[in-house]
Structure formats: structure tokens, C-alpha cells
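As you go down the protein sequences, you meet chains R and H in turn.
The opening residue of the first sequence carries number 1 in our numbering; numbering runs sequentially from there.
The opening residue of the second sequence carries number 340 in our numbering; numbering runs sequentially from there.
The structure appears right after this line, and notes come after that.
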Amino acid sequence: MREIAVVAFAQTRHSAVDEGQSESELILPPLDEVRAATGLRTFGFTCSGSCDYLAGAPFSFVSALDALGAWPPISESHVEMDAAWALYEAWVRLQHGDVDSALVYGFGKSSQGDLREIMTLQLDPYYLAPLGLDQVSFAALQASATGAERAELDEIVRRSRADGRANPYALDLPEPAGEGAEVEPLRPYDIAPITDGAAAVVLAAGDLARELCERPAWITGIAHRIEPHYLGMRDLARSASTADAARAAGVGKGDVEVAELHAQFSHEEIILRRALELPEGTRVNPSGGPLAANPVMATGLIRIGEAARHILDGTASRTLGHATSGPCLQHNLVTVMEA
Amino acid sequence: MSNPCAVIGVGQTRYTTKRRDVSIAGLVREAALRALQDAGLTWQDIDAVVIGKAPDLFEGVMMPEAYLADALGAAGKPMMRVHTAGSVGGSTALVGASLIQGGVHDRVLVVAFEKQSESNATWALSTHQPFSASLVVGAGGYFAPHIREYIRRSGAPEHIGHLVAVKDRQNALKNPYAHLRIPGINLKMVESTPMLWEPIRYLDTCPSSDGACAMVLSSAGKLTDSTPAWVLGTAMRSEPIFRAGRDTVNPQGGKDCAADVYRQAGITDPRREIDVAEVYVPFSWYEPMWLENLGFATEGEGWKLTESGATALDGDIPWNASGGVLSSNPIGASGLIRFAEAALQVRGMAGEHQVDGARRALGHAYGGGAQFFAMWMVGSDRP
């Protein structure tokens with residue numbers, strides 16, 4: 001495979017409330033930032049991830065082209081998935097060998113609607129959605145199946161929020177407190193916060209990557225797998241698709257110093273850690289992770305960006321970024337990056 | 340530079356207003372199974388699945404790839420969901436082809452669908468984001484002014500659109516999958532239908548269809564078919580919808596996209612070197628407009644090509660031999676159908692609407708405010 005690296009990453013200072021910015025206003029600063037960091041104004045390929053249902057209108061990605069200033073017309077595509085999959089599409093496109101750079105971005109304003117209810121719309125419309133189980137109820141089923149101790153979940157949230165407070169881009173959330181359940185066994189603080197935000201990444205191939213930055217975060221493995229949709233067909237305590245993707249991406253071929261995991265509920269971190277077979281020494285979500293900022297549709301891309309950042313700034317030499325999609329970790333993408 | 344890719348299987352459903360007998364999953368599975376059967380393969384032979392459809396609001400299912408993973412045999416495999424507005428069907432084929440051209444997979448199933456009967460697409464297209472209110476209703480409301488501007492610039496007589504409306508429906512009578520099959524279709528019939536959006540009459544527009552289309556794409560080493568359709572060139576282009584000064588009648592993105600595909604395929608004179616084209620024409624007037632945009636005619640002259648009969652099935656450059664979008668429009672799938680029909684033509688498998696000896700075919704799709712373009716060129720000879 002052709003050598004491809006993350007050479008720049010930028011994100012918004014994520015917000016828990018609607019600050020009145022449109023999606024195109026939200027994405028412009030991160031786009032400007034990665035352009036400034038790389039000195040690139042044009043890219044061989046551009047790909048983005050977003051979701052119409054967050055905006056409540058079709059074609060939420062169309063106005064982003066205005067922020068991009070896509071003129072003259074650009075070679076561009078879009079996934080109605082987390083932008084981590086846009087990065088995957090861009091990585092594939094760079095494998096063709098005729099272009100050397102790609103711009104990837106994702107954005108989402110979940111403050112505009114009721115995310116729990118909106119996510120219900122991704123269930124089988126005939127047999128599952130009519131049951132009325134929302135996203136948190138689904139997650140609670142998985143949390144029960146995991147059988148995690150309350151103390152372990154609390155520690156995950158405490159650590160994530162503390163790291164989030166130290167991360168200028170994440171939300172400032174207090175120490176987890178309160179014993180009331182949201183949906184048994186999940187408490188309100190086990191759930192990723194409603195967040196508005198955006199992120200952008202630049203990928204570059206071979207010599208261009210070396211030219212653009214001192215320590216490119218080389219993608220040495222990237223793979224994703226989907227599982228059956230119906231929860232009854234899966235062992236909810238395990239994430240087989242994460243384990244498969246990890247094997248395909250070669251996670252176990254070396255030490256993983258930092259892992260950024262797309263865990264939108266505290267128990268998901270436990271499932272993912274196990275599936276990825278991460279050793280004790282791996283730092284999980286030093287950015288605070290999704291429990292400290294969850295700009296839906298950009299959250300997965302941010303995991304890859306954050307994991308890359310540790311290589312770009314020299315604080316780690318092998319890191320992992322994970323992204324997920326679908327109810328109860330149905331679809332998982334694993335990226336391994338090395339200095 | 341990239342690895343060769345070929346189409347080895349095509350599957351379509353019979354396009355119709357309402358497929359009450361199947362769920363969304365049943366619809367996409369029907370097309371996928373037919374594509375697998377055409378390729379002589381089973382689900383196990385597929386490395387990855389790419390699915391595309393137009394806005395999720397059309398069926399009210401958000402990110403339906405999660406729900407459709409089971410029906411498409413994707414469990415345990417990579418699955419991607421593409422959405423690039425009306426061009427999405429074309430983009431879906433290109434993302435699938437990209438996986439093979441990039442050397443990541445050997446066999447990819449691409450599927451696109453729309454089950455328009457689950458909701459009302461015109462109204463799903465008429466909700467707008469806060470602070471960008473619009474009085475436009477549906478796609479016809481958006482595109483009619485662009486057509487009027489084309490007529491003003493080119494001086495085309497008003498019956499040109501109707502000629503396309505008749506020609507494409509005549510072709511549809513030869514395509515067993517086509518939705519609109521109107522025996523005895525003629526100019527008078529089109530002229531007598533109500534005006535929807537000046538100058539678009541009822542029969543100048545595409546229908547609302549339920550349907551799905553699928554293709555099996557393969558690397559050169561994993562062919563199962565003796566008559567594959569080789570991918571000779573692929574390109575996508577996008578431009579901003581609100582850019583002042585952008586020409587929405589003859590968009591730069593379409594010109595650039597075509598130029599890129601022609602360059603890859605070694606085409607210098609599209610009208611002479613391309614044998615058949617499946618082009619996204621949802622409103623009849625878009626045939627002359629795209630004839631110019633895609634370089635088959637010089638600017639202002641496209642309508643003369645249409646008028647001369649050159650784009651008819653027995654003309655020198657047949658456009659939409661399948662009946663096109665004007666005859667079948669499961670929106671998200673419409674682009675993929677164009678790409679698949681182009682492949683069928685160069686494989687010699689287009690049945691009654693086969694263009695004799697077709698060796699090079701263009702598949703085209705556009706979307707958004709005529710700002711997203713996806714195209715490919717396929718051929719019978721390996722590049």
C-alpha cells in the first residue's frame with residue numbers, strides 16, 4: 001500500500017449549546033487552520049461526513065462547499081457517516097497514486113434536536129423503530145450485557161471529564177455526581193454530552209507528507225467492519241467487528257501508546273479496550289474522548305486526529321484512533337498510526 | 340496508474356410507483372441478488388459493500404446502511420454509505436470502483452436505491468435549514484428557471500423538450516425494467532399534459548419510483564465474466580451552490596468532470612468516439628443542456644442535435660437508450676442505473692435497447708443545484 005499520513009488536524013472549540021453558527025460557519029475555522037498548517041490551498045481529493053437528520057433538512061453537506069470555497073470545482077465526495085469514514089474513503093482514493101493530498105472534514109450540531117430520539121431513526125423502520133427504544137435505552141441494554149461494575153464506569157467518566165477539562169477544545173464538565181439512573185444501569189454522566197463542533201484533517205502521501213510536516217503520522221493500518229443490525233444476533237458484551245478491524249489494521253503488531261476511542265457511553269470503553277486487546281499501559285482518550293465532547297459526525301474523525309496529534313507533536317510513536325457507527329457499536333473503524 | 344476495474348454483474352428491480360410487496364431491505368436485496376447471479380457469485384465472494392441513496396428524509400430512515408447491512412450480506416465486512424445528492428448513484432459506483440482501483444479489494448458490491456413511496460420526495464426537498472429559507476418547491480421549481488435561461492440563450496424552439504420526453508419514453512418501451520411505459524407516446528400527448536413549472540409540462544418530468552440497482556465490480560484478477568465492462572475513466576466534481584457568477588445552466592463542474600473522464604479514457608471527440616451515453620436527464624430540457632456541457636455539441640447547438648434525431652436509439656449518438664431518468668426515477672439509484680446501463684451496453688447485454696456494437700459508453704449523474712457531478716466511461720476492451 002502507498003504510504004499515507006495525517007499531516008494536519010484541527011477542530012473547533014466544541015460547544016454544549018447552539019452558538020448561532022451555521023454548519024458552514026462552524027467548519028470554516030478548522031478548514032482555515034489545516035490549510036495554514038500545511039500551506040495547501042487545493043487538494044487532490046476532498047471528502048466529508050455529516051448527517052441530514054441533525055440539521056433536520058436534506059443536503060446538510062451542500063452548504064459546506066461554500067465554506068470550502070470549492071472553486072474552481074473540486075474532486076469531492078461525501079459519506080452520510082462519521083467523517084472517520086470520509087477519511088477512509090480519502091485514504092483509498094490516495095492509493096490510486098494520481099493525487100497526493102486529501103482534505104477530510106466532518107461537522108454536526110446535535111444541539112438543534114433531540115439526539116436520543118433522532119438516533120432511533122437509524123433502526124430498522126419496520127421491526128425496531130416502532131418499539132420506541134431510544135439510543136440511550138439501546139446503550140443501556142449493552143451496558144447490562146457488559147456487566148461492568150459501577151466503580152469502573154465512574155472511574156472512566158471521572159478520568160474522561162478531568163482530561164476534557166485540560167483539553168481546550170473539549171467541554172468543561174464537573175466531577176461525575178448523583179446516583180439517579182437515566183436508563184438502568186446508565187447514569188446521566190455515563191452518556192456523552194450534547195455537543196456542536198467540527199474537525200478537519202489533511203492526508204498526504206509519501207514525499208509530500210515529509211515535505212509538509214516534520215513528523216507525519218503514517219497510517220500503517222486502517223480497516224473497518226460492520227455487524228448485523230439486530231441486537232439479538234450479536235453478543236453485546238463483545239465487539240467482534242472492532243476485533244476484526246483491529247486484526248486487519250495490525251493493532252497487535254506493536255505497542256499502542258495512546259488510543260482514542262469513540263466511546264459515547266462509559267461502558268463502551270470497556271468493550272472496545274477488550275476488543276482491541278489494549279495493554280494496561282495504553283493511555284485511553286487523553287483528550288477526554290467523546291464523554292468530554294461529542295460533536296456527532298465529527299467525533300470519530302477527531303479520535304483519529306487526536307491520536308495523530310501525539311505523533312505530530314512527538315509525544316508518542318504509535319497510536320490508535322477508533323470510530324464507530326450504528327446502534328451499540330454496530331460498525332467500527334480502526335486506524336493505526338506510527339511516527 | 341490505478342488497478343483495472345470491471346463490471347461483472349448488474350441487477351435491477353422493475354421500477355414502479357409503489358413496491359408494496361417488499362420492505363426497503365427486500366428491495367435492495369432483490370437488486371443485489373440479481374447482480375450476484377449475473378456475476379455467477381454468492382455473498383461470500385464479496386469483499387465489501389458500498390451503498391448510496393439520496394437524502395435519508397426520503398424514507399425517514401437515518402443512515403440506513405446500519406439496518407441494511409444484514410440484507411446485503413455485509414456483516415463481518417466493510418460497508419460504506421455515500422450521499423452526494425442526486426449524483427449519489429454515480430458516486431456510489433465510483434467509491435466502489437475506487438476500492439478496487441486502489442488495490443484494497445477484489446470484489447465490491449455497489450447498491451443504490453430509493454423507495455419514494457415511503458414518503459413524499461418533493462416535500463422532503465422543500466424543508467430548509469434555519470436562515471436559508473427558500474420559496475422553491477421541489478426539484479422542478481429549482482431547475483425551471485435554469486431551463487428558461489437555456490432557452491433564452493440558445494433560442495431553442497419550445498418543442499425541443501417534448502421531443503426528448505417522447506424519445507426517452509419510446510426507448511423505455513424496449514426496457515423491461517422501465518417505470519413509465521406509455522404505448523403510442525407522441526408529441527401531442529406531451530403537449531396536452533398540464534404545465535407544472537414553466538416550461539416543464541407533466542410528461543417533461545421524471546416519475547417518482549421505487550427501485551434499486553446493484554453492480555458487482557471486480558479487479559482484473561477475479562473476473563467471472565467473459566464480457567466485462569472495463570472502467571476506462573472516473574471523475575467527480577463539486578462546486579459551491581451559492582457562488583456568485585457560477586453558470587448554473589452550463590456548470591463548470593460538469594465540463595471539468597467530463598474533461599477528466601475523457602482524458603483518462605483517451606477521448607478527444609465525444610460525439611464520434613462514444614457509442615452510447617446514459618445521462619441524468621430528469622427534466623427533458625436537460626438533454627440539450629448536457630449535450631453542450633459534456634462536449635457533444637458546441638454551446639447553443641445542443642438542441643439542434645436533439646432535433647435532428649442524433650440522440651435517438653437509431654441516431655449516431657444514442658442518449659438514454661434505456662429510457663433514462665425520464666422513464667424511471669428511484670432518485671438515489673438513478674445515477675447508478677445510468678452507470679449500470681452504460682456497462683450493459685458495452686457488455687452487449689442491454690436486450691431490446693442494445694446499441695449495436697457499442698464499445699464505449701458514458702455514465703453520468705448530477706445533483707444538488709447542478710453542482711455535483713459523477714461520471715464514468717466504460718468499454719468492452721481492457722485499458
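Cβ coordinates follow ideal geometry from the N, Cα and C atoms, glycine included.
These numbers were taken from a predicted model, which means no experiment stands behind them.
Taking DSSP as the reference, what is the three-state secondary structure of residue i?
i, result
"H:W658", "strand"
"H:H518", "coil"
"H:K594", "helix"
"R:I156", "helix"
"H:R699", "strand"
"H:M528", "helix"
"H:M402", "coil"
"H:A393", "coil"
"R:L103", "strand"
"H:V503", "helix"
"R:N294", "coil"
"R:L278", "coil"
"R:N285", "coil"
"R:R2", "coil"
"R:H322", "strand"
"H:S430", "helix"
"R:K109", "strand"
"H:I486", "helix"
"R:Q330", "coil"
"R:Y126", "coil"
"R:W71", "coil"
With respect to the alpha helix (DSSP H) encompassing residue i, which residues constitute its N-terminal and C-terminal limits?
i, result
"H:G424", "The sequence as given places Ala at residue 424 of chain H; Gly does not occur at that position. Counting along the chain, H:A424 falls outside any alpha helix (DSSP H), and DSSP gives it neither H nor E."
"H:G663", "663-666"
"R:M119", "115-120"
"H:R686", "670-686"
"H:T461", "460-463"
"H:N632", "625-632"
"R:E23", "23-38"
"R:S345", "Because chain R is modelled from 1 through 339, residue 345 of chain R falls outside the range shown and cannot be assessed."
Give the C-beta separation of residue i and residue j to the nearest angstrom, bearing in mind that I take them to be a contact with Cβ-Cβ under 8 Å.
i, j, result
"R:E269", "R:L261", "6 Å"
"H:I390", "H:A451", "7 Å"
"H:L380", "H:T544", "Incorrect: roughly 37 Å between the Cβ atoms, too far for contact."
"H:F482", "H:G592", "No, H:F482 and H:G592 are not in contact; Cβ-Cβ is about 15 Å, not under 8 Å."
How about residue i and residue j: do their beta carbons lie closer than 9 Å?
i, j, result
"H:V378", "H:I347", "Strictly speaking, residue 378 of chain H in this sequence is Ala, with Val absent from that position. In contact: H:A378 and H:I347 (Cβ atoms closer than 9 Å)."
"H:N514", "H:H692", "yes"
"H:I490", "H:P538", "yes"
"R:R234", "R:Q330", "yes"
"H:A672", "H:Q684", "no"
"H:E453", "H:A551", "yes"
"H:H703", "H:V618", "yes"
"R:M337", "R:I219", "yes"
"H:T352", "H:A436", "no"
"H:N668", "H:S547", "yes"
"H:S341", "H:G399", "no"
"R:F2", "R:A259", "A small fix is needed here, since residue 2 of chain R is Arg in this sequence, not Phe. Taking 9 Å as the Cβ cut-off, R:R2 and R:A259 do not qualify as a contacting pair."
"R:P341", "H:D409", "Limits of chain R in this structure are 1 at one end and 339 at the other, which puts residue 341 of chain R out of reach."
"R:A83", "R:G106", "yes"
"R:G178", "R:P188", "yes"
"R:I191", "R:E182", "yes"
"H:E626", "H:T607", "no"
"H:N510", "H:L675", "no"
"R:S60", "R:A148", "no"
Should residue i be counted as a contact of the ligand SAH given a C-beta to heavy atom distance under 8 Å?
i, result
"H:L366", "With respect to the ligand SAH, the structure offers nothing, as it holds no ligand at all."
What span of residues does the beta strand (DSSP E) with residue i cover, start to end?
i, result
"R:D196", "196-205"
"H:Q351", "344-351"
"H:K454", "446-454"
"H:T587", "That residue, H:T587, is in no beta strand (DSSP E); it is neither H nor E in DSSP."
"H:F733", "Coverage of chain H is limited to positions 340 through 722, which leaves residue 733 of chain H absent and any answer about it impossible."
"R:T46", "45-49"
"R:T220", "217-226"
"R:S77", "76-79"
"H:V555", "549-558"
"H:W536", "534-536"
Original post:
Looking at C-beta atoms only, is the number of pairs between the region 54-69 of chain R and the region 585-592 of chain H that lie closer than 8 Å three or more?
Top reply: no
**OP:** State whether the region 317-327 of chain R contacts the region 400-419 of chain H, with contact taken as three or more CB pairs (one from each stretch) at a distance under 8 Å.
**Re:** yes
**OP:** Please determine if the region 554-568 of chain H and the region 63-72 of chain R are in contact, where contact requires at least 3 C-beta pairs separated by less than 8 Å.
**Re:** no
Original post:
Would you call the region 20-29 of chain R and the region 418-435 of chain H touching, i.e. three or more CB-CB distances under 8 Å?
Top reply: no
Subject >> Segment contact, 8 Å Cβ cut-off, at least three pairs: the region 284-301 of chain R with the region 9-20 of chain R >> reply: yes
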